[in-house]
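Trainee:
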Amino acid sequence: MALRVFGLNIVKNNRNLLQNACKSSAPVSCYMAAAPFATDVTVQAAPAAVQKQRVSKAMRAYLKRATEHDEFMKTQHLEFQIGKRHLANMMGADPETFTQEDIDEAISYLFPSGLYDQKARPAMKSPEVVFPARKAAEFDETGRPFHSMFYTGKPNFFQLLHDIVEETNKLADLEERMLRRGNKPDENQKLEIAGFQLLPKDQLELLLVESIADIEYSNFSNSMDRLIASPYAYKSKAFIERYLKPLMDQSKQLEVPKPRIDEEGRQYITTYECLRKTARADVTVRLPGTGKISINGKDISYFEDENCKEQLLFPLQFSELLGKVDVEANVEGGGPSGQAGAIRWGIAMSLRSFVDQEMIESMRLAGLLTRDYRRRERKKFGQEGARRKYTWKKR
Numbered sequence: 022m023a024l025r026v027f028g029l030n031i032v033k034n035n036r037n038l039l040q041n042a043c044k045s046s047a048p049v050s051c052y053m054a055a056a057p058f059a060t061d062v063t064v065q066a067a068p069a070a071v072q073k074q075r076v077s078k079a080m081r082a083y084l085k086r087a088t089e090h091d092e093f094m095k096t097q098h099l100e101f102q103i104g105k106r107h108l109a110n111m112m113g114a115d116p117e118t119f120t121q122e123d124i125d126e127a128i129s130y131l132f133p134s135g136l137y138d139q140k141a142r143p144a145m146k147s148p149e150v151v152f153p154a155r156k157a158a159e160f161d162e163t164g165r166p167f168h169s170m171f172y173t174g175k176p177n178f179f180q181l182l183h184d185i186v187e188e189t190n191k192l193a194d195l196e197e198r199m200l201r202r203g204n205k206p207d208e209n210q211k212l213e214i215a216g217f218q219l220l221p222k223d224q225l226e227l228l229l230v231e232s233i234a235d236i237e238y239s240n241f242s243n244s245m246d247r248l249i250a251s252p253y254a255y256k257s258k259a260f261i262e263r264y265l266k267p268l269m270d271q272s273k274q275l276e277v278p279k280p281r282i283d284e285e286g287r288q289y290i291t292t293y294e295c296l297r298k299t300a301r302a303d304v305t306v307r308l309p310g311t312g313k314i315s316i317n318g319k320d321i322s323y324f325e326d327e328n329c330k331e332q333l334l335f336p337l338q339f340s341e342l343l344g345k346v347d348v349e350a351n352v353e354g355g356g357p358s359g360q361a362g363a364i365r366w367g368i369a370m371s372l373r374s375f376v377d378q379e380m381i382e383s384m385r386l387a388g389l390l391t392r393d394y395r396r397r398e399r400k401k402f403g404q405e406g407a408r409r410k411y412t413w414k415k416r
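Positions in the sequence shown are counted from 1; adding 21 to them yields the numbering used here.
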């Protein structure tokens with residue numbers, strides 16, 4: 022009996038000590054669970070109260086700039102929508118279906134400009150096009166980053182790689198399950214990416230709002246190729262198409278003219294208004310031919326410079342039709358470089374009628390079908406040349 026009383030006294034003393042300790046420590050609140058036996062006594066600590074942390078001046082300024090930018094973009098977007106609606110009303114069109122192409126045509130009609138530089142002419146673009154994209158606020162008020170990969174330095178890029186790997190693993194698991202069941206991928210749903218390519222590095226940087234190195238873009242390209250090579254890639258079609266771009270806009274493809282038949286039974290195509298600087302040419306290409314080239318009644322020796330001759334022959338060599346067609350060109354105005362450029366463009370445009378669509382696309386990517394609008398820049402008043410300044414002398 023005496024031992025039991027002695028044990029209860031010890032429990033009471035310990036309980037009093039614990040209660041006094043809890044009262045002395047202000048941030049921590051303790052709870053004592055009363056129990057009939059000394060072995061059942063427990064102590065539970067409540068979570069500490071979170072103190073409001075002070076925000077530094079730099080963080081406050083950062084958050085302020087981010088908020089101001091968001092408000093600015095909202096205002097600009099609202100003004101763009103209002104301007105587009107007024108422009109559509111002036112043109113008698115439906116504002117809801119008024120596209121950016123309609124805006125450009127309306128501005129060129131209502132505000133005609135003779136300025137040579139396109140950037141100097143009046144224009145109205147979406148705020149997302151005019152103002153470069155910026156990242157949203159990446160920190161909260163306590164300075165804690167929102168993104169889990171913030172400390173990689175390029176969170177959006179590494180998040181993209183992480184998403185690609187996740188998609189690849191999902192398709193690999195799906196393929197393994199299908200193999201166990203003895204099923205094969207549906208050939209009718211195979212992902213077709215003909216006519217598409219991965220986003221170039223500059224466009225990917227604009228999409229991610231981050232600058233990436235060449236080796237990082239190579240890692241992105243290899244990861245996407247591995248994903249696209251999967252037999253079940255059509256399951257991730259929506260994800261893959263976000264990072265593809267068409268090689269050529271189908272709506273902007275020029276109709277290839279059909280060749281005509283001359284008196285000798287040969288096919289021929291004539292391209293008029295071949296322009297380069299102040300030179301103007303008309304080019305006729307005949308198939309089949311012996312490789313004869315006639316320029317104002319003379320052969321290719323019409324040009325004395327070897328660069329002009331090589332420029333003239335390049336579209337024929339590229340399309341593998343050198344020595345298989347005859348070329349007749351009449352050119353006037355400009356110098357040797359301008360005349361050679363005008364004839365080259367005319368030959369390339371005429372050769373479209375004698376090659377397949379794949380070769381036409383290759384010629385377009387090589388720049389053979391793009392007209393060169395560059396001209397010599399005029400001399401400026403008060404300067405020695407177009408850009409060159411007079412030598413400044415102090416005395």
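Ideal Cβ placement from N, Cα and C applies to all residues, glycine included.
Since residue 219 is in the beta strand (DSSP E), which residue starts that stretch and which ends it?
Mentor: Along the sequence shown, read from residue 1 onward, the residue named residue 219 stands at position 198. Note, residue 219: beta strand (DSSP E), 217 to 219.
Trainee: What ranges does the beta strand (DSSP E) occupy inside the stretch 275 to 320, keeping only unbroken runs of at least 3 residues that lie completely in it?
Mentor: DSSP runs (the beta strand (DSSP E)) wholly in the stretch 275 to 320: 288 to 297, 300 to 308 and 314 to 316.
Trainee: State the beta-bridge partners of residue 265 as determined by DSSP.
Mentor: Translated into the one-based positions of the sequence shown, residue 265 becomes position 244. 219.
Trainee: Helix, strand or coil for residue 351, going by three-state DSSP, please let me know.
Mentor: Taking the first residue of the sequence shown as 1, we reach residue 351 at position 330. If DSSP states are grouped into helix, strand and coil, residue 351 belongs with the strands.
Trainee: What first and last residue would you give for the alpha helix (DSSP H) that runs through residue 361?
Mentor: In the sequence shown, the residue the question calls residue 361 occupies position 340. Residue 361 -> alpha helix (DSSP H) spans 357 to 372.
Trainee: Helix, strand or coil for residue 116? Go by DSSP, reduced to three states.
Mentor: Your numbering for residue 116 matches position 95 in the sequence shown. Residue 116 falls in the helix class under three-state DSSP.
Trainee: Go through the stretch 83 to 149 residue by residue and report every complete run of the beta strand (DSSP E) that reaches 3 residues or more, in order.
Mentor: Correct list: empty.
Trainee: Would you report the Cα separation of residue 208 and residue 256, rounded to the nearest angstrom?
Mentor: The residue you call residue 208 lines up with position 187 of the sequence shown. The residue you call residue 256 lines up with position 235 of the sequence shown. Spanning the two alpha carbons is a distance of roughly 13 Å.
Trainee: Could I get the ranges of all uninterrupted beta strand (DSSP E) runs contained in the stretch 186 to 220, with 3 residues as the minimum, in chain order?
Mentor: With a minimum length of 3 residues, the continuous beta strand (DSSP E) runs that stay inside the stretch 186 to 220 are 217 to 219.
Trainee: Count the other CB atoms within 10 Å of the CB of residue 151; is the residue buried (16 or more) or exposed (fewer)?
Mentor: Position 130 of the sequence shown holds residue 151. It counts as exposed.
Trainee: Going straight from the alpha carbon of residue 5 to that of residue 345, what length do you get?
Mentor: For the chain, the structure presents residues 22 to 416; residue 5 sits outside this window and is missing.
Trainee: Would the beta-carbon of residue 185 fall within 9 Å of that of residue 265?
Mentor: Start at 1 with the first residue of the sequence shown, and residue 185 comes out as number 164. Start at 1 with the first residue of the sequence shown, and residue 265 comes out as number 244. No, the Cβ-Cβ distance between residue 185 and residue 265 is not below 9 Å.
Trainee: Count the other C-beta atoms from every protein chain shown that fall within 10 angstroms of the C-beta of residue 254, then say buried if there are 16 or more, exposed otherwise.
Mentor: As a working mapping, residue 254 is identified with position 233 in the sequence shown. Classification of residue 254: buried, given that the 10 Å Cβ count is 16 or more.
Trainee: Check this for me: beta carbons of residue 289 and residue 308, under 9 Å apart or not?
Mentor: Mapped onto the sequence shown, residue 289 falls at position 268. Mapped onto the sequence shown, residue 308 falls at position 287. Against a cut-off of 9 Å, the Cβ pair of residue 308 and residue 289 comes out as a contact.
Trainee: Kindly confirm or deny that the stretch 393 to 406 and the stretch 318 to 338 touch, where touching means at least three C-beta pairs closer than 8 Å.
Mentor: As far as the Cβ criterion goes, the stretch 393 to 406 does not touch the stretch 318 to 338, which means the pair count is below three.
Trainee: Counting Cβ pairs closer than 8 Å, one from the stretch 196 to 211 and one from the stretch 227 to 243, do we hit at least three?
Mentor: No, the stretch 196 to 211 is not in contact with the stretch 227 to 243.
Trainee: What would DSSP say about residue 330, mapped onto helix, strand or coil?
Mentor: The sequence position of residue 330 within the sequence shown is 309, counting from 1. Correct three-state label for residue 330: helix.
Trainee: Assign residue 139 to buried or exposed, taking buried as 16 or more other Cβ atoms, counted over all protein chains shown, within 10 Å of its Cβ.
Mentor: For the purposes of this step, residue 139 is taken as residue 118 along the sequence shown, with counting starting at 1. Label assigned to residue 139: exposed.
Trainee: Over what stretch of residues does the alpha helix (DSSP H) that includes residue 248 continue unbroken?
Mentor: Counting from one through the sequence shown, the residue named residue 248 turns up at place 227. 235 to 249 is the extent of the alpha helix (DSSP H) around residue 248.
Trainee: Could you check where the alpha helix (DSSP H) with residue 386 kicks off and where it finishes?
Mentor: Your numbering for residue 386 matches position 365 in the sequence shown. Where residue 386 is concerned, the enclosing alpha helix (DSSP H) stretches over 378 to 386.
Trainee: Per DSSP, what kind of secondary structure is residue 252 in: helix, strand or coil?
Mentor: Locating residue 252 in the sequence shown gives position 231, counting from the first residue. DSSP places residue 252 in coil when its eight states are reduced to three.
Trainee: Would you tell me roughly how many angstroms separate the C-alpha atoms of residue 90 and residue 220, rounded to the nearest one?
Mentor: Taking the first residue of the sequence shown as 1, we reach residue 90 at position 69. Taking the first residue of the sequence shown as 1, we reach residue 220 at position 199. Roughly 28 Å separates the two Cα atoms.
Trainee: In three-state terms, what does DSSP make of residue 232?
Mentor: As a first step, residue 232 must be located in the sequence shown, where it is residue number 211. It is coil, neither helix nor strand.
Trainee: From 222, 248, 247 and 106, pick the residue whose C-alpha is nearest to that of residue 238; which is it?
Mentor: One-based indexing of the sequence shown puts residue 238 at position 217. Of the candidates 222, 248, 247 and 106, the one whose C-alpha sits nearest the C-alpha of residue 238 is 222.
Trainee: Between residue 363 and residue 302, is the Cβ-Cβ spacing less than 9 Å?
Mentor: Stepping through the sequence shown from its first residue, residue 363 is reached at position 342. Stepping through the sequence shown from its first residue, residue 302 is reached at position 281. In this structure, residue 302 lies closer than 9 Å to residue 363 by Cβ.
Trainee: If you draw a straight line from the C-alpha of residue 144 to the C-alpha of residue 109, how long is it?
Mentor: The count along the sequence shown starts at 1 and reaches residue 144 at position 123. The count along the sequence shown starts at 1 and reaches residue 109 at position 88. In a straight line, the C-alpha of residue 144 is about 15 Å away from that of residue 109.
Trainee: Under a Cβ-count criterion, where at least 16 other Cβ atoms within 10 Å of its own Cβ denotes burial, should residue 360 be classed as buried or exposed?
Mentor: Residue 360 sits at position 339 when you count from the first residue of the sequence shown. Counting Cβ neighbours within 10 Å, residue 360 comes out buried, since at least 16 surround it.
Trainee: State buried or exposed for residue 130, treating a residue as buried only when at least 16 other CB atoms are found within 10 Å of its CB.
Mentor: Your numbering for residue 130 matches position 109 in the sequence shown. When all chains shown are included, residue 130 counts as exposed.
Trainee: Would you call the CB atoms of residue 268 and residue 216 closer than 9 Å?
Mentor: Counted from its first residue, the sequence shown places residue 268 at position 247. Counted from its first residue, the sequence shown places residue 216 at position 195. Yes, Cβ-Cβ distance for residue 268 and residue 216 is below 9 Å.
Trainee: Does residue 407 come within less than 9 Å of chain B when only Cβ atoms are used?
Mentor: You won't find chain B in this structure, because it holds only one protein chain.
Trainee: By DSSP, does residue 226 sit in helix, in strand, or in coil?
Mentor: If you number the sequence shown from 1, residue 226 lands on position 205. Helix.
Trainee: How big is the Cα-Cα spacing for residue 349 and residue 372?
Mentor: Indexing the sequence shown from 1 puts residue 349 at position 328. Indexing the sequence shown from 1 puts residue 372 at position 351. So the two alpha carbons sit approximately 13 Å from each other.
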